[in-house]
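Only one structure is covered here, and it is reproduced in the block below.
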């Protein structure tokens, strides 16, 4: 999705087209990208246009976005481990 | 000529886990468990990742892209309240250069069997050190995050 956006702005449905994902799932991913500060979206008429935000970021913003994403990834993995542990403890 | 600069940044991440606070806290306190999710693998323990979980103890994580600099995370625990709170300060280095100094606070709120985790990071980013490798690393960790997000969605 980010790769597509590096070649220029695109609407949410254009982003969804090559992906085997529902439009709702794509919207959700765009929201994640937006909350990470990687993508900016803008309503143009009835479509939501997405563009990459990275070029506008300063070194400090890169750093904070990297730390943020790293923690997001780690806390996701923590969640996976907790689910696994709970499943094991409860047994089949 | 060397230019010195500092930028301050703060972010907060909240997660709710379907597990009691004691279990979530254990995943932060136990080296084998923490290596799995923090460093990405239990094999990292003793191979770039170390955890000495006590006030004054350190947590270290080293790694980086094959052709890029070695990134070192070096954290010291400042305050630990079992099942409730962990406060640490940490530095990040790219090879020998200090990139940042941060304060990380993790709060565990037990909400009747589920746990609301609040992570607050306050950092001082030094001298604008930013490299293509750092950006690449950031993107890579982002993709891991996105992958986990997708897995969560399909399961």
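Protein chains in written order, with the working numbering: chain Z, 1 to 92; chain U, 1001 to 1155. Backbone N, C-alpha and C fix where the C-beta goes; we use that ideal spot for every residue, glycine too.
Contact set between residue 74 of chain Z and chain U, taken where Cβ atoms lie within less than 8 Å: 1037 and 1038
C-beta atoms of residue 1029 of chain U and residue 1053 of chain U nearer than 7 Å: yes
Distance, residue 12 of chain Z Cα to residue 1132 of chain U Cα: Low confidence applies to residue 1132 of chain U: its pLDDT is 42, below 50, so where it sits in the model is not reliable enough to give any reading.
Separation of residue 1086 of chain U from residue 1121 of chain U, as counted between CA atoms: 12 Å
Three-state class that DSSP yields for residue 79 of chain Z in the structure shown: helix
Unbroken alpha helix (DSSP H) run spanning residue 1026 of chain U, endpoints: 1021-1029
Contacts that residue 1045 of chain U makes with chain Z (C-beta to C-beta distance below 7 Å): Residues of chain Z passing the Cβ test: none, with the nearest at roughly 14 Å.
Interface residues of the region 1061-1080 of chain U facing chain Z [CB-CB below 8 Å]: none
Where the alpha helix (DSSP H) through residue 17 of chain Z begins and ends: First-last for residue 17 of chain Z: undefined, no H or E at that position.
Stretch-stretch touch, CB-based, cutoff 8 Å, three pairs: the region 66-86 of chain Z with the region 1108-1123 of chain U: yes
Within 7 Å, strictly: CB atoms of residue 1005 of chain U and residue 1095 of chain U: no
7 Å CB neighbourhood of residue 4 of chain Z in its chain, flanking five on each side removed: 10 and 15
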